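Working notes, beginning with the structure itself.
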Amino acid sequence: MEVFMDDFRVYVESFDACLENLSRVLTRCIEKNLVLNFEKYHFMVIEGIVFRGIQVDKSKIDIITSLPNPAFVREVRSFLGHVGFYRRFIKNFSKISMPLSKLLQKDVDFKFDQPCVEAFLELKTQLTFAPILQAPNWEYSFELICNTSNSTLGAILG
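Under the numbering used here, the first residue of the sequence shown is numbered 36, with each subsequent residue one higher.
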């Protein structure tokens, strides 16, 4: 069995504490034989980190929202890769992006029709109004609520 994880976030209020926590995380990865792809890691990133949590990087969002409609499969793949990085900020990302994702399937003719245009525009709009994400308040109890269908998966804290 292989498990893929995209993101680790280690942040605290001081640089020294951040280094200490980062060391603990990396040590734990070594102890548990986790394989890390260091080409994809970004250390000491401050963009997107705000007092209340994590927000989208406005400069990157401006680039994404200015993109024209994709004309080729590779452009759809590139767009979904860029917005997919911010999927945790977009409610119903899988559902919204489904018309675009279908264009990536093998043996499907590229037809950027009205549902694709709507999905493309909706994803760009959602990025401009993305919420600030914050960790739960551990002093309160909460539940992890999950829901799946044949085509999407979602989870929220309630």
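Quick reminder that beta carbons are idealized off the backbone N, C-alpha and C, glycines included. Since we're looking at a predicted model, the values are computed, not measured.
*Alpha carbon to alpha carbon, how far is L135 from S94? Give it in angstroms, no decimals.*
24 Å
*Whole-Å CB distance - L138 paired with V111, under 8 Å assumed*: 5 Å
*Smallest Cα separation from K126: which of A165, K75 and V91?*
The alpha carbon of K126 has as its nearest neighbour, out of A165, K75 and V91, the alpha carbon of A165.
*Every unbroken alpha helix (DSSP H) inside the segment 50–124 [4 residues or more]*: 50–66, 93–100 and 108–119
*Would you report the Cα separation of F107 and C151, rounded to the nearest angstrom?*
12 Å
*In angstroms, rounded to a whole number, what distance separates the CA positions of E174 and L192?*
Per the coordinates, the alpha-carbon of E174 lies some 14 Å from the alpha-carbon of L192.
*DSSP state of T183 mapped onto helix, strand, coil*: strand
*Can you grab the Cα-Cα spacing for the pair Q169 / R123, in whole Å?*
11 Å
*asked:* For R135, report the span of its alpha helix (DSSP H) as first-last.
replied: First, the amino acid is wrong: residue 135 is Leu here, not Arg. Looking at the DSSP string, the run of the alpha helix (DSSP H) that includes L135 is F128 to K137.
*Starting from L168 and walking both ways along the beta strand (DSSP E), at which residues does that stretch end?*
Where L168 is concerned, there is no enclosing beta strand (DSSP E), given that its DSSP letter is neither H nor E.
*Beta-carbon separation of N56 and V70 under 7 Å?*
no
_Between the alpha carbons of E178 and D144, how many angstroms are there, rounded?_
43 Å
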